[in-house]
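Keeping their order, the protein sequence lines are chains D and F. For the first sequence, counting from 1, position 394 maps to 394 in this note's numbering; every step adds exactly one. All you need for this note's numbering is the position in the second sequence, starting with 1, plus 484. Accompanying notes for the structure given below.
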Amino acid sequence: MHKKTLLELSQTLRKREISSVELTRYFLSRIERYDSQLNSFITITPELALQQAQLADDSYKAGTADLLTGIPLAHKDIFCTLGVKTSCGSKMLDNFIAPYNATVVEKCQAAGMVMLGKTNMDEFAMGSSNETSYYGAVKNPWDTAAVPGGSSGGSAAAVAAGIAPIATGTDTGGSIRQPAALCGLTGLKPTYGTVSRYGMIAFASSLDQGGPIAKTAEDAALLLNVMTGFDQRDSTSLDRPTEDYTAHLQRDIKGLKIGLPKEYFGEGLDHEVAKVLEAAIKELEQAGASLHEIHLPNTHLAVPVYYIIAPAECSSNLSRYDGVRFGYRCENPKDLIDMYKRSRGEAFGAEVKRRIMIGTYALSAGYYDAYYLKAQQLRRLISNDFQQAFQQVDVILGPTSPSVAFNLGEKANDPVTMYLSDIYTIATNLAGIPALSIPAGFVNQRPVGLQLLGNYFSEARLLNIAHQYQQRTDWHQQKPQGFA
Amino acid sequence: MSLQKEDVEKIAHLARISLTEADIPLYTQNLSNILALVEQMNSVDTTGIIPMAHPLDATARLRPDIVTEVNQREHFQQNAPQTQAGLYLVPKVIE
Numbered sequence: 001m002h003k004k005t006l007l008e009l010s011q012t013l014r015k016r017e018i019s020s021v022e023l024t025r026y027f028l029s030r031i032e033r034y035d036s037q038l039n040s041f042i043t044i045t046p047e048l049a050l051q052q053a054q055l056a057d058d059s060y061k062a063g064t065a066d067l068l069t070g071i072p073l074a075h076k077d078i079f080c081t082l083g084v085k086t087s088c089g090s091k092m093l094d095n096f097i098a099p100y101n102a103t104v105v106e107k108c109q110a111a112g113m114v115m116l117g118k119t120n121m122d123e124f125a126m127g128s129s130n131e132t133s134y135y136g137a138v139k140n141p142w143d144t145a146a147v148p149g150g151s152s153g154g155s156a157a158a159v160a161a162g163i164a165p166i167a168t169g170t171d172t173g174g175s176i177r178q179p180a181a182l183c184g185l186t187g188l189k190p191t192y193g194t195v196s197r198y199g200m201i202a203f204a205s206s207l208d209q210g211g212p213i214a215k216t217a218e219d220a221a222l223l224l225n226v227m228t229g230f231d232q233r234d235s236t237s238l239d240r241p242t243e244d245y246t247a248h249l250q251r252d253i254k255g256l257k258i259g260l261p262k263e264y265f266g267e268g269l270d271h272e273v274a275k276v277l278e279a280a281i282k283e284l285e286q287a288g289a290s291l292h293e294i295h296l297p298n299t300h301l302a303v304p305v306y307y308i309i310a311p312a313e314c315s316s317n318l319s320r321y322d323g324v325r326f327g328y329r330c331e332n333p334k335d336l337i338d339m340y341k342r343s344r345g346e347a348f349g350a351e352v353k354r355r356i357m358i359g360t361y362a363l364s365a366g367y368y369d370a371y372y373l374k375a376q377q378l379r380r381l382i383s384n385d386f387q388q389a390f391q392q393v394d395v396i397l398g399p400t401s402p403s404v405a406f407n408l409g410e411k412a413n414d415p416v417t418m419y420l421s422d423i424y425t426i427a428t429n430l431a432g433i434p435a436l437s438i439p440a441g442f443v444n445q446r447p448v449g450l451q452l453l454g455n456y457f458s459e460a461r462l463l464n465i466a467h468q469y470q471q472r473t474d475w476h477q478q479k480p481q482g483f484a
Numbered sequence: 485m486s487l488q489k490e491d492v493e494k495i496a497h498l499a500r501i502s503l504t505e506a507d508i509p510l511y512t513q514n515l516s517n518i519l520a521l522v523e524q525m526n527s528v529d530t531t532g533i534i535p536m537a538h539p540l541d542a543t544a545r546l547r548p549d550i551v552t553e554v555n556q557r558e559h560f561q562q563n564a565p566q567t568q569a570g571l572y573l574v575p576k577v578i579e
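Okay, structure coming up:
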């Protein structure tokens, strides 16, 4: 049952071969059996899940069920869930019971989906390995000595181990695509403004975007259909007609122009990963795509620019955690300033503190022009690179991550090395364009991710290419051992 | 850009984050390394380039100035560390 795609699960439910309650119990028991090895969940919500499953079964009986009704999913613990702890991976929110639902959570619920629980993540989504979580690191199902990637590492590990059929994630600099790549999954970051950020705890507001982490491109398209849509409650939500992201999955890709950026295949990319990608590129060529060398000359600036913009926005967003209205408050504060400082000092982890301080510095009087303004100017140059490329090609192909999953602890003490592992994913967030990662092979039994980047609103096209690739290969069907 | 201990103490104060004396050397080193990485930005002349604040250059949407929220004070204050008579309590600010 845990190997089935969403459509297969949907058919099984529709034919009443299994009820949603049974299916939910099945996944809850898998979580109970396997999650002690992975630590992919922060909170499991069995009672709520079974209630939602019962409602789903009722709607099947009443004939009002939708396509995904009764299918369980897991939400990253960054999405607010009414009455359920929403920690964002931080001690700061360890006692926070969300008083409302995020729009994404509401939409999944309205589609009849069943929430199994909330997945582990890097603290406030700041990290690329899931090691900054207050709740401990998550392990990669392919090798429990390896990181699952981050920040949506819990969602990726849960789906890869088949303890959740699908999960939500968020991506500020690669936090959906990189864990998807490291765990052998399909993960998509949509165009900025496509998925509502209402109730999605803010990290860097001009970069944050929610999206699906799935076993296949088809599954990702189906969940994306549920997650997207205009939302008045998000001031940056885009008011566009709704789209069916599954509509073009079956299209063949003859005549597709794929751009290969020289900067994405040079120094820094692991040789074995490069070989895996070469084979994948050949496969797409055989499917009728043509290859074109392109240039994204400002690629090397993406990481520096990101590490001004993201911390600046985070220092502003995280100023709300002051120990006054919600979240952690220190014991016996001697005055107001002491309460602010110690509450934040005691409840934020080291990576969050680093980023808040960098952002505070960059935004402080006398430095704003040199850092934040400069970064916003360079952001435009990075974005212009993509627009020029998309005049020549339909999509851009590259690695998702410079290497396969690294070992736990390997980069944990060196922030800058960790930051550089996001070199291929960060620029898309700065530009706001969509991108996805799909599994393309293995190096040392650890999955390799291939990244496809498209112009604004090209999600359906990216999913089409990913689906066609998955029709010709079986990398996405490989399962880690030990989670049978 | 290399920061000194005093710089980090000042930034931590501005950010309202307490650091222990023992942690300051490591943060000083970490933050200096991050700022060194960011230095690369200066290799490009950006004179005349319009800063990009929003990926699609969209402007904030306005809505009619009407009340859309209902009062949920009790509900929201369930998450508060300390309240009294519907107010949030903090350490004494005015003597």
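All C-beta atoms in this analysis are idealised placements derived from N, C-alpha and C, irrespective of residue type, glycine included.
Test: residue i CB closer than 7 Å to a CB of chain D
{"i": "I578 (chain F)", "result": "no"}
{"i": "N555 (chain F)", "result": "no"}
{"i": "L546 (chain F)", "result": "no"}
{"i": "T567 (chain F)", "result": "no"}
{"i": "L571 (chain F)", "result": "no"}
{"i": "T543 (chain F)", "result": "no"}
{"i": "V574 (chain F)", "result": "yes"}
{"i": "I550 (chain F)", "result": "no"}
Closest Cα partner of residue i within the set the options
{"i": "V105 (chain D)", "options": "D:T81, D:G210, D:R251", "result": "D:T81"}
{"i": "H248 (chain D)", "options": "D:V226, D:R461, D:G449", "result": "D:R461"}
{"i": "P480 (chain D)", "options": "D:E331, D:I163, D:N130", "result": "D:I163"}
{"i": "S516 (chain F)", "options": "F:D529, F:I550, F:L487, F:V554", "result": "F:L487"}
{"i": "L540 (chain F)", "options": "D:P447, D:Q470, D:Q387", "result": "D:Q387"}
{"i": "G193 (chain D)", "options": "D:L238, D:L436, D:L260", "result": "D:L238"}
{"i": "L546 (chain F)", "options": "D:Q451, D:E267, D:Q232, D:I382", "result": "D:Q232"}
{"i": "A564 (chain F)", "options": "D:F79, D:K76, D:V84, D:P99", "result": "D:P99"}
{"i": "R355 (chain D)", "options": "F:E553, F:I518, F:P548", "result": "F:I518"}
{"i": "L23 (chain D)", "options": "D:Y469, D:L68, D:T64", "result": "D:L68"}
{"i": "T246 (chain D)", "options": "D:I465, D:L9, D:G349, D:D474", "result": "D:I465"}
{"i": "V393 (chain D)", "options": "D:D66, D:Y34, D:A431, D:L453", "result": "D:L453"}
Cβ neighbour criterion (16 or more within 10 Å) applied to residue i
{"i": "L571 (chain F)", "result": "exposed"}
{"i": "V195 (chain D)", "result": "buried"}
{"i": "D219 (chain D)", "result": "buried"}
{"i": "A484 (chain D)", "result": "exposed"}
{"i": "A580 (chain F)", "result": "Because chain F here runs from 485 to 579, residue 580 (chain F) falls outside it and cannot be looked at."}
{"i": "A365 (chain D)", "result": "exposed"}
{"i": "P447 (chain D)", "result": "buried"}
{"i": "G441 (chain D)", "result": "buried"}
{"i": "P241 (chain D)", "result": "exposed"}
{"i": "V551 (chain F)", "result": "exposed"}
{"i": "N225 (chain D)", "result": "buried"}
{"i": "I426 (chain D)", "result": "buried"}
{"i": "S40 (chain D)", "result": "buried"}
Whole-number beta carbon distance between residue j and residue i, since they are thought to touch under 8 Å
{"i": "I522 (chain F)", "j": "Y307 (chain D)", "result": "Here the sequence assigns Val to residue 522 (chain F), which means Ile is not the residue at that position. Between Y307 (chain D) and V522 (chain F) the Cβ distance is about 6 Å, and since that is below 8 Å, they are a contact."}
{"i": "L318 (chain D)", "j": "A157 (chain D)", "result": "Contact doesn't hold; Cβ gap of about 26 Å is too wide."}
{"i": "S20 (chain D)", "j": "G70 (chain D)", "result": "3 Å"}
{"i": "V159 (chain D)", "j": "K215 (chain D)", "result": "6 Å"}
{"i": "I253 (chain D)", "j": "A287 (chain D)", "result": "5 Å"}
{"i": "V352 (chain D)", "j": "F124 (chain D)", "result": "5 Å"}
{"i": "L301 (chain D)", "j": "V528 (chain F)", "result": "7 Å"}
{"i": "P402 (chain D)", "j": "I358 (chain D)", "result": "No, P402 (chain D) and I358 (chain D) are not in contact; Cβ-Cβ is about 23 Å, not under 8 Å."}
{"i": "A49 (chain D)", "j": "V114 (chain D)", "result": "5 Å"}
{"i": "G199 (chain D)", "j": "N101 (chain D)", "result": "6 Å"}
Residue-chain proximity (residue i, chain F), Cβ-Cβ < 7 Å
{"i": "Y134 (chain D)", "result": "no"}
{"i": "F326 (chain D)", "result": "yes"}
{"i": "P72 (chain D)", "result": "no"}
{"i": "M1 (chain D)", "result": "no"}
{"i": "K262 (chain D)", "result": "no"}
{"i": "R329 (chain D)", "result": "yes"}
{"i": "M357 (chain D)", "result": "yes"}
{"i": "I42 (chain D)", "result": "no"}
{"i": "P212 (chain D)", "result": "no"}
{"i": "T360 (chain D)", "result": "yes"}
{"i": "Y307 (chain D)", "result": "yes"}
CB contact below 7 Å: residue i versus chain A
{"i": "G83 (chain D)", "result": "The question asks about chain A, but that chain is absent: this structure's protein chains are D and F."}
Worksheet entry | chain F contacts from the segment 368-394 of chain D (Cβ-Cβ distance under 8 Å) | From the segment 368-394 of chain D, only Y371, L373, K374, A375, Q376, Q377, L378, R379, R380, L381, S383 have a Cβ closer than 8 Å to chain F.
Practice prompt. Determine which residues of the segment 496-524 of chain F have a Cβ less than 9 Å from any Cβ of chain D, and write them out in chain order.
Written response: Taking 9 Å as the cut-off between beta carbons, the residues of the segment 496-524 of chain F near chain D are A496, H497, L498, A499, R500, I501, S502, L503, T504, D507, L510, Y511, N514, L515, N517, I518, L519, A520, L521, V522, E523, Q524, in sequence order.
Practice prompt. Could you please tell me which residues of the segment 97-119 of chain D, in chain order, have their CB closer than 7 Å to any CB of chain F?
Written response: Here the close residues are I97, P99.
Discussion item. Output needed in chain order: residues of the segment 331-348 of chain D with a Cβ under 8 Å from some Cβ in chain F.
Written reply: Within the segment 331-348 of chain D, the qualifying residues are P333, K334, D335, L336, I337, D338, M339, Y340, K341, R342, R344, G345, E346, F348.
Discussion item. Using a Cβ-Cβ cutoff of 7 Å, what residues of the segment 171-189 of chain D are near chain F? List them in chain order.
Written reply: Look at the segment 171-189 of chain D: it has no residue with a C-beta under 7 Å from a C-beta of chain F.
Worksheet item: What residues in the segment 415-433 of chain D have a beta carbon less than 9 Å from any beta carbon of chain F?
Response: Under the 9 Å Cβ criterion, the segment 415-433 of chain D contributes P415, V416, Y419, L420, N429, L430, A431, G432, I433.
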